[in-house]
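K.L.:
I am attaching a structure below and will ask some questions about it afterwards.
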Amino acid sequence: MVRFTLGRKFVLAFVGLAVVFAGTFGTLAVYRLRQALTEQVRIRAKVVAEELAREASRFLPTPEGQTETPRSSRLTRRLVAGTVLYAQIVKDGRVRFADGRTWLVASAEPLDRPLLVVERVTPSGTPYLDIFRAIPDYTLDRQTYVRIGYPLGDVYARIRYETARIALASLLLVAAGVVAAFLLRRAIVGPVARLITTIREVRGGDYSARVFSRTNDELRLLADEFNAMAEAIQTRDAELARVNEALRRANRIKDEFSAAMSHELKTPLHAIRAYAQLLLEGIDGPVTDAQRQDIEAILAAGDHLLHLIEGILRYSALEAGATVPQFAQVDVAAVIEQARLNVAHLARSKGLPITTRADGRPTVRADETMLRQILINLLHNAIKYTAAGQITLTTTAQNGRVVFAVTDTGSGIARGHEQEVFEPFRRAGHPGRREIDGIGLGLAVAKRYVEQQGGRIWFEPAAGGGTTFYFTLLTGDGS
Numbered sequence: 138m139v140r141f142t143l144g145r146k147f148v149l150a151f152v153g154l155a156v157v158f159a160g161t162f163g164t165l166a167v168y169r170l171r172q173a174l175t176e177q178v179r180i181r182a183k184v185v186a187e188e189l190a191r192e193a194s195r196f197l198p199t200p201e202g203q204t205e206t207p208r209s210s211r212l213t214r215r216l217v218a219g220t221v222l223y224a225q226i227v228k229d230g231r232v233r234f235a236d237g238r239t240w241l242v243a244s245a246e247p248l249d250r251p252l253l254v255v256e257r258v259t260p261s262g263t264p265y266l267d268i269f270r271a272i273p274d275y276t277l278d279r280q281t282y283v284r285i286g287y288p289l290g291d292v293y294a295r296i297r298y299e300t301a302r303i304a305l306a307s308l309l310l311v312a313a314g315v316v317a318a319f320l321l322r323r324a325i326v327g328p329v330a331r332l333i334t335t336i337r338e339v340r341g342g343d344y345s346a347r348v349f350s351r352t353n354d355e356l357r358l359l360a361d362e363f364n365a366m367a368e369a370i371q372t373r374d375a376e377l378a379r380v381n382e383a384l385r386r387a388n389r390i391k392d393e394f395s396a397a398m399s400h401e402l403k404t405p406l407h408a409i410r411a412y413a414q415l416l417l418e419g420i421d422g423p424v425t426d427a428q429r430q431d432i433e434a435i436l437a438a439g440d441h442l443l444h445l446i447e448g449i450l451r452y453s454a455l456e457a458g459a460t461v462p463q464f465a466q467v468d469v470a471a472v473i474e475q476a477r478l479n480v481a482h483l484a485r486s487k488g489l490p491i492t493t494r495a496d497g498r499p500t501v502r503a504d505e506t507m508l509r510q511i512l513i514n515l516l517h518n519a520i521k522y523t524a525a526g527q528i529t530l531t532t533t534a535q536n537g538r539v540v541f542a543v544t545d546t547g548s549g550i551a552r553g554h555e556q557e558v559f560e561p562f563r564r565a566g567h568p569g570r571r572e573i574d575g576i577g578l579g580l581a582v583a584k585r586y587v588e589q590q591g592g593r594i595w596f597e598p599a600a601g602g603g604t605t606f607y608f609t610l611l612t613g614d615g616s
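To convert, note that position 77 of the sequence shown is 214 in the working numbering; the numbers rise steadily by one, no gaps.
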């Protein structure tokens, strides 16, 4: 389908108007010219008929029966000069004189009026006027008149000539209209086209593009306003780029600081845990029950701090793009058991049983370490927010994927915080609950690990209270 641009529509409309105007003007001019020339010829023909009618009275028989020969008369001269095609003088229904192309003339006919003009065409196609004029003093005699043929060939030749001139003038007018249309298109549509081109350049990211207009009208105002807008966008974009660069630099410094601090913290922490373990084993002598409880508290606090530091390290590695999954065929049941054993002590401390159920013996295409960490984080999160009840971990195979589900019987996600659950440093929709351990990185890390392995993670309210977190991974056969 042909696409009509604004410029093409403008040119077609302007040229169409020029054609209509030129055609209408030419048609009216030819019509008026034809009418005027025909009327002039009719008037001249009538005058000739009047003159010949007066002169014809001399050719009619006198009372003494004598007639004058018409050979030297004005009628004969007009015949010779070609002014008339033929001439007849009819008296009492009889042709008394006939000359010229009388073969064009039918037999004498009665005249029902003093003057009769009929337009006819010769066998060769030449138009002429067949004029009947009553002879003076015989106006009441219907069978006495003069009849002449007045040619219209010159008139029609003049009409054709003038028609050709008018047609040429119309064509010149149309040509002028076409030229004017393209000039106006260049003056009006051209700036609009340049504006569209510049808009596309700006949309493509070239905020330095500007529109240049040589006019001094509304189009110039439009161009100036657009340039001002583009300049404002360029300034804002430059400012945003500067701010983003500053944010990236600050984020990079933060990640480097977090990694460095976490590493530096782990070194003395391992030493603290090692010495506490030595004390607990009685290397430096027996310990009392009170001392044993204190040392175990030190070890528990050290384990908790180590867990927090490792979470920060994992998230920093994710943010830096340093974590790349190493895909392999992973036995789901084995990884589930490893994750359960990792959080078993925390679940026992709160009296929460962990039930696992796998649909058959599925395998997934995944990074085993990442999968284990995802399950540990989800189980750890479920245990933290469940005061009583149980934790359930199940898997089902659906459409070439394995769906993991971790369900708790806790308080659920606070309404209005659903979008914050997977954001880093958030407390899973439980703002303000400072008694809950953790810094809010477990779900954020789990989400990033799932997405890096081509899966999806989400949550839904569990039946009877609590929350179920789901995530999917491709089956081990790759289907």
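Even glycine gets a Cβ: it sits at the ideal position worked out from N, Cα and C.
1. Where does GLY601 sit, in a helix, a strand or coil, going by DSSP?
2. With DSSP run on the structure shown, which of helix, strand or coil describes ILE285?
3. May I ask which residues mark the beginning and end of the beta strand (DSSP E) holding LEU266?
4. Are the stretch 472–482 and the stretch 412–425 touching, with three or more C-beta to C-beta distances below 8 Å?
5. Closest to ILE325 by C-alpha separation, out of LEU309, ARG297, ARG357, would be which residue?
6. Is the beta carbon of THR609 sitting closer than 8 Å to the one on VAL540?
7. Using the rule of at least 16 other Cβ atoms within 10 Å of the residue's Cβ for burial, across every protein chain shown, is PRO490 buried or exposed?
8. Just to confirm my understanding: we take GLY314, look at its own chain, exclude 5 residues before and 5 after, and list those with CB closer than 7 Å. What are they?
9. Under the DSSP definition of a beta bridge, which residues are partnered with TYR344?
10. Would you mind giving the Cβ-Cβ distance between LEU287 and ALA271, rounded to the nearest angstrom? I have them listed as a contact below 8 Å.
11. Determine the burial state of GLN556: buried for a count of at least 16 other Cβ atoms within 10 Å of its Cβ, exposed for fewer.
12. What first and last residue would you give for the beta strand (DSSP E) that runs through VAL480?
13. Using only alpha-carbon positions, find the residue among ILE511, HIS482, ASP249, ALA534 that is nearest to ARG498.
14. Less than 7 Å between C-beta atoms, sequence neighbours within five positions excluded: which residues of the same chain meet that for VAL472?
15. Decide if ILE370 is buried, meaning its Cβ has at least 16 other Cβ atoms within 10 Å, or exposed.
16. Could you check whether VAL292 and LEU174 sit closer than 8 Å to each other, using their CB atoms as the reference points?
17. So who's on the other strand from ILE528, going by DSSP bridges?
18. Between THR500, ASP440, GLN280, PHE394, which lies nearest to ASP249 when the distance is taken from Cα to Cα?
19. Taking its Cβ as the centre, do 16 or more other Cβ atoms sit within 10 Å of ASP229, making it buried, or is it exposed?
20. Could you tell me which whole beta strand (DSSP E) segments of length 3 or greater appear in the stretch 380–457?
21. Who does THR612 pair with in a DSSP beta bridge?
22. For ARG571, name the three-state secondary structure that DSSP assigns.
23. Out of ILE594, PRO264, GLY603, LEU580, state which residue places its alpha-carbon closest to the alpha-carbon of THR448.
24. Are GLY547 and THR604 close, meaning C-beta to C-beta below 8 Å?
25. What first and last residue would you give for the beta strand (DSSP E) that runs through VAL543?
26. Exposed or buried, ASP421, counting other C-beta atoms within 10 Å across all chains shown (16 or more means buried)?
27. Alpha helix (DSSP H) containing LEU580: first to last residue?
28. Straight-line CA distance for ILE550 to LYS521?
29. Compute the distance between the beta-carbons of VAL178 and THR220, then report whether it is under 8 Å.
30. So what does DSSP say about VAL255, is it helix, strand or coil?
31. From TYR412 to GLU382, what does the alpha carbon distance come to, in whole angstroms?
32. Less than 8 Å between the CB atoms is what I'm expecting for SER345 and GLY160, so what's the real figure, rounded?
33. Please state if the CB of PHE363 and the CB of VAL148 are separated by a distance shorter than 8 Å.
34. Three-state secondary structure (DSSP) at ILE550?
35. Closest by CA to LEU450, which one among ALA312, PHE559, ARG233, LYS391?
P.N.:
Taking the structure as given:
1. coil
2. strand
3. 264–271
4. no
5. ARG357
6. yes
7. exposed
8. PHE151, VAL152, ALA155
9. According to DSSP, TYR344 bridges with nothing at all.
10. Here residue 287 turns out to be Tyr, not Leu, going by the sequence shown. About 17 Å separates the two Cβ atoms, so there is no contact after all.
11. exposed
12. That residue, VAL480, is in no beta strand (DSSP E); its alpha helix (DSSP H) goes 469–486.
13. ALA534
14. GLU505, LEU508, ARG509, LEU512
15. exposed
16. yes
17. ILE491
18. GLN280
19. exposed
20. none
21. VAL501
22. Here ARG571 scores only 48 on pLDDT, less than 50, and its place in the model is too uncertain to base an answer on.
23. Looking at the sequence itself, residue 448 is Gly, so the reference to Thr does not match. For the residues ILE594, PRO264, GLY603, LEU580, the minimum Cα distance to GLY448 belongs to LEU580.
24. yes
25. 538–544
26. exposed
27. 579–589
28. 13 Å
29. no
30. strand
31. 45 Å
32. 50 Å between Cβ atoms; not a contact.
33. no
34. coil
35. LYS391
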